[in-house]
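In our numbering, the protein residues as written are 1 to 142.
From the three backbone atoms N, C-alpha and C, an ideal C-beta is built for every residue, glycine too.
Computed from a prediction, not measured in an experiment: that's the story for all the values here.
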């Protein structure tokens with residue numbers, strides 16, 4: 001791991017996204033109507049994403065374990081696409097970009113797993129960092 005002992009704690013924020021694309025409007029309707037056989041897709045995927053954010057350092061060897069102080073997961077449905085937006089914040093010595101992207105990835109994977117019994121055409125796309133603040137440089141890719 002990179003040596004961060006000399007750094008000061010600062011507010012760090014990252015916003016990441018992932019896109020889940022389904023193959024039919026019926027899949028979107030099943031999600032909204034809570035008719036997916038495996039359960040509430042949005043609630044279960046949010047829980048999975050929260051765990052994903054918290055477990056990032058356990059799975060990615062170069063990530064520092066750090067205190068996650070805020071996580072928000074929202075969804076936007078646009079046609080056959082579900083946009084997952086995840087915001088992560090901490091007051092610490094290093095950023096939370098990887099935690100946000102990892103969380104978005106886990107949300108998308110959980111959705112895929114829950115939807116595969118009713119839609120064989122589900123795809124995951126565009127996992128990316130949209131915005132980062134804190135530390136040396138701020139970026140905004142939105």
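task: Going by CA-CA distance only, name the one from 1, 8, 18, 3 that's closest to residue 87.
output: Walking along the chain shown from the start, residue 87 turns up at place 87. Considering only alpha carbons, the answer is 18.
- request: Could you name the residues of the same chain whose beta carbon sits closer than 6 Å to that of residue 70, not counting the 5 residues immediately before and after it, in chain order?
  value: Walking along the chain shown from the start, residue 70 turns up at place 70. Excluding positions up to five away in sequence, the list reads 89.
- prompt: With distances taken from CA atoms, which of 61, 107, 82, 72 is nearest residue 24?
  reply: Within the chain shown, the letter at position 24 stands for residue 24. Check the Cα spacing between residue 24 and each of 61, 107, 82, 72: the tightest is with 82.
query: Hey, how far is the Cα of residue 11 from the Cα of residue 134?
result: In the chain shown, residue 11 corresponds to position 11, counting from 1. In the chain shown, residue 134 corresponds to position 134, counting from 1. Straight across, the Cα-Cα distance linking residue 11 with residue 134 is about 6 Å.
message: Give me, in chain order, the residues of the same chain whose beta-carbon lies closer than 8 Å to that of residue 60; leave out the 5 immediate sequence neighbours on both sides.
response: For the purposes of this step, residue 60 is identified with residue 60 of the chain shown, where counting begins at 1. When the five nearest sequence neighbours on each side are left out, the beta carbons in the same chain lying within less than 8 Å of the beta carbon of residue 60 are those of 98, 102, in order along the chain.
query: How would you call residue 53, buried or exposed, if buried means at least 16 neighbouring beta carbons within 10 angstroms?
result: Taking the chain shown and counting its residues from 1, the one referred to as residue 53 is at position 53. Taking every protein chain shown into account, the CB of residue 53 has 16 or more other CB atoms within 10 angstroms, so this residue is buried.
Bridge partner(s) assigned by DSSP for residue 91: Looking up residue 91 in the chain shown gives position 91. Looking at the DSSP output, residue 91 bridges to 11.
task: Could you spell out where the alpha helix (DSSP H) holding residue 69 opens and where it closes?
output: Counting from 1 along the chain shown, the entry for residue 69 is found at position 69. For residue 69, there is no enclosing alpha helix (DSSP H), as DSSP marks it with neither H nor E.
- request: Buried or exposed for residue 114, please, with buried defined as at least 16 other CB atoms from any protein chain shown within 10 angstroms of its CB.
  value: Locating residue 114 in the chain shown gives position 114, counting from the first residue. The residue is buried, with at least 16 neighbouring Cβ atoms inside 10 Å.
message: With the cut-off set at 8 Å, would you say residue 57 and residue 67 are in Cβ contact?
response: Against the chain shown, residue 57 aligns to sequence position 57. Against the chain shown, residue 67 aligns to sequence position 67. Their beta carbons are not under 8 Å apart, which means residue 57 does not touch residue 67 by this criterion.
task: Please list, in chain order, all residues of the same chain as residue 62 whose beta carbon is under 7 Å from its beta carbon, the five residues on each side excluded.
output: For the purposes of this step, residue 62 is taken as the residue at position 62 of the chain shown. Correct list, in chain order: 1.
query: When you compare only the Cα positions, how much space is there between residue 195 and residue 7?
result: Residue 195 falls outside the range modelled here, since the chain spans only 1 to 142, and no answer is possible.
Nearest candidate by alpha-carbon position, reference residue 55, set 105, 20, 79: What you label residue 55 is simply residue 55 of the chain shown in a count that begins at 1. Restricting attention to 105, 20, 79, the CA atom closest to the CA of residue 55 is found in 105.
query: In whole angstroms, what separates the C-alpha of residue 16 from that of residue 45?
result: For this step, residue 16 is matched to residue 16 along the chain shown. For this step, residue 45 is matched to residue 45 along the chain shown. Put simply, the backbone Cα of residue 16 is about 15 Å away from that of residue 45.
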